[in-house]
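Visitor:
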Amino acid sequence: MSDTTRYLPLEQEPPRDTRGAGPQEAASPLQLLPLEESQAAEMLAAAQADGHSVVIRGGGTKSNWGNPPRRCDRVLSTRMLRGFTHADPDNLTLSAAAGTTISEARAQARAMGRVLPLDPRHPARATVGGVVATADQGARSAGYGAVRDVVLGLRAVLGNGSVVRFGGLTMKNVAGYDMTKLFVGSFGTLGLITEVTFRLLPRPETQSLIILPLPSWVDAKTTVARILDSFLQPLSLEVVSRGSGETPYLLAGFAGHPAAVARSVREVSQIHPAAPEAVLADEDAEDLYEALASSGPAGGAAAMVGLRASVPLSQVIDLLGTAEDAASRFGLALSFRGSAARGVADLFLGPRRGPDTVETSEAVVENAALRLVAECVATLRATATALGGSLVVTERSALLPPDFDAWGDPPPALALMRRIKERLDPKGVLNPGRFVGGL
């Protein structure tokens, strides 16, 4: 078994258990724990009738994504809404209740001889509903696609307690408006997702990960461009930081028939000017994917700010280089992972700790960083916007002012988004204020 820890961008850290009241919520909101969909519907109907707001929670791994809710009178947990209602290996479909963890759903797909093409952070805790609501996809997104590409249909409870179903159980889902995609990435502001039907993939015969050193950003950009312009079909194509003073590496993964995978690894080795550091196969490759998904900020979530930038594919390397320069200029520590095949980068900023800060208290270090982090985030957001993309805060921490907008400037479609919100949740019961533009 290979030691994969040397290829982690950050120290591994278990996600905090944030199922209780957190910093974004009222001190003691009433906890709701429905055992089935009909009970959840009754709870939401009662909340609307009483004028109460409801914050939805799954595994709690994304409770700091976006903005804090404006109000939190009730917290509705989906953790008892678990299990599978439909499993069809021949038609490559699986339906899971919202509180089912991603690890549980993956295990069910494996038992069917299939693969669930979801790769979010902290899969042992992240739930089906939470991952769909936040559209969180990870390192294997180059081959898996976005979350919206994986979801065939869903059931949800609206703010007034009405139960709705969108999409279906087959790949051919073309009738009417595609309402399913409205719920993907809506942060629970349109409805409580209670069940999701996924498109599965055949299980590959083998997989390999090739790890390539990146001495410079020029090398990174050249190699990535050549891979994307080739016939190769990577499962993953990630630029990952390693630590202070070390250059990042490129992780290129392939899965499928053994001969095709071996050929892809050879082709990548020939494309890149430097020799590979390692080639991981099968279980070793899976171990690294799992380690990357489970890694977290080295200083703990309270000591780091998490960001997710989305830019055009051709600009993701430029964004990472700019982020490295900005962090250095502001005297901050930076870790990152950038999907070169999807144009998405996860960045973590925080106080720089080293020999010169050993005798400095944590409070002093973080107070100093507080004066710099917000300005650095604003700089990175301006960079992402200039590159044709956007940047959102995925881990607020105490290093950002409470009024710092996680989303930045609202998109041109905000008026349309607001009309949809008013149509599906006219009383503003669900997760008020968490989404872009105060939705």
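Numbering (our numbering), first residue to last: -16 to 422. Even glycine gets a Cβ: it sits at the ideal position worked out from N, Cα and C. Fair warning: this is a prediction, and the values are worked out from it, not measured in the lab.
Which term fits S322, buried or exposed, when burial requires 16 or more other beta carbons within 10 angstroms of its beta carbon?
Guide: Label assigned to S322: buried.
Visitor: Can M63 and L13 be called in contact, C-beta distance under 8 Å?
Guide: Taking 8 Å as the Cβ cut-off, M63 and L13 do not qualify as a contacting pair.
Visitor: Can you tell me the Cβ-Cβ gap for R131 and A116, rounded? I've got them flagged as a contact below 8 Å.
Guide: Rounded, the Cβ-Cβ distance is 12 Å, inconsistent with contact.
Visitor: Could you tell me which residues DSSP pairs with I403 in its beta bridges?
Guide: I403 pairs with nothing; no bridge assigned.
Visitor: Could you tell me the distance, in whole angstroms, from the CA atom of G45 to the CA atom of V147?
Guide: Position check: residue 45 holds Lys in this sequence, whereas Gly was assumed. Using only the alpha carbons, I get a separation of about 25 Å.
Visitor: Give the DSSP-derived three-state secondary structure of G289 in the structure shown.
Guide: DSSP places G289 in strand when its eight states are reduced to three.
Visitor: Use the C-beta contact count for E310: other C-beta atoms within 10 angstroms, 16 or more gives buried, fewer gives exposed.
Guide: What sits at residue 310 in the sequence shown is Ala, not Glu. By the neighbour-count rule (16 or more Cβ atoms within 10 Å), A310 is buried.
Visitor: Classify R335: buried if its beta carbon has 16 or more other beta carbons within 10 angstroms, exposed otherwise.
Guide: Per the 10 Å Cβ criterion, buried.
Visitor: In terms of alpha-carbon separation, which member of W390, A203, G239, D73 lies closest to R379?
Guide: Measuring from the Cα of R379, the nearest candidate turns out to be W390.
Visitor: I need the straight-line Cα distance from P415 to I300, nearest angstrom please.
Guide: Cα to Cα, the separation comes out at about 35 Å.
Visitor: Determine, using beta carbons only, whether L137 and L211 come nearer to each other than 8 Å.
Guide: Not closer than 8 Å, so no.
Visitor: Tell me the DSSP secondary structure of E378 in three-state form.
Guide: Three-state DSSP puts E378 in a strand.
Visitor: Please work out which residues of its chain come closer than 7 Å, Cβ to Cβ, to G96, disregarding the five sequence neighbours upstream and downstream, and give them in chain order.
Guide: Result list for G96: P72, R186, in chain order.
Visitor: Tell me which residues share the same chain as Q298 and place their Cβ nearer than 8 Å to its Cβ, disregarding the 5 neighbours each side in the sequence.
Guide: So the qualifying residues of the chain are G326, L370, G371, G372.
Visitor: Apart from the five residues on each side of it in sequence, which residues of its chain come closer than 6 Å, Cβ to Cβ, to G411?
Guide: Nothing listed; no residue qualifies.
Visitor: Locate the alpha helix (DSSP H) running through G239, then write down its first and last residues.
Guide: G239 -> not in any alpha helix (DSSP H); beta strand (DSSP E) instead, spanning 232 to 239.
Visitor: Between the region 86 to 101 and the region 200 to 210, can you find at least three pairs of beta-carbon atoms closer than 8 Å?
Guide: Cβ pair count under 8 Å is below three, so no.
Visitor: Could you give the DSSP three-state label for Q120: helix, strand or coil?
Guide: Coil.
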